[in-house]
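In the UniProt record's numbering, the protein residues as written are 1 to 115.
The C-beta atom is built at its ideal place from N, Cα and C for all residues, glycine as well.
For clarity, every value in this text was computed on a predicted model and none was experimentally measured.
So the structure is just underneath, and the comments pick up after that.
Have a look at this one:
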């Protein structure tokens, strides 16, 4: 797998970040088996594709919470969580603050930039 294929995979993930996607779908888009894509992506990037998707979603959610008037519940559903509670748990684990705190200007949170 070349860096170009990894970039194609990342481009696909970013274009569909608010949709229900997983590494198997991404692997199909870059014409690889799920197993080989999972292993290779993890080796090259240092995390799984699903972790990449989750980290990006949580970063984008934090930015949107802080810069718009989106509610925590709407952000949870927009970024693929089944409930505001599961979103809050993942958000807090990742950022170290609860989603409501991210709405306050000046709150620091983890920023996982696009690769």
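Next item on the list: With DSSP collapsed to three states, give me the class of residue 20.
Entry: In the three-state DSSP reduction, residue 20 falls in the coil class, being neither helix nor strand.
Next item on the list: Taking the CB atoms as reference points, tell me whether residue 23 and residue 38 lie closer together than 7 angstroms.
Entry: Yes; because the gap between Cβ atoms is below 7 angstroms, this pair is in contact.
Checklist line | Assigned secondary structure, residue 104 (DSSP; H/G/I helix, E/B strand, else coil) | finding: When DSSP states are grouped into helix, strand and coil, residue 104 belongs to the coil group.
Next item on the list: Under 7 angstroms Cβ to Cβ from residue 5, same chain only, skipping five residues before and after it: list those, please.
Entry: The beta carbon of residue 5 sits closer than 7 angstroms to those of 30, all from its chain and outside the five residues before and after it, given in chain order.
Next item on the list: Would you please state the rounded distance, in angstroms, between the beta carbons of residue 100 and residue 72? I believe it to be under 8 angstroms.
Entry: Yes, they are in contact, since the Cβ atoms of residue 100 and residue 72 sit about 6 angstroms apart, within 8 angstroms.
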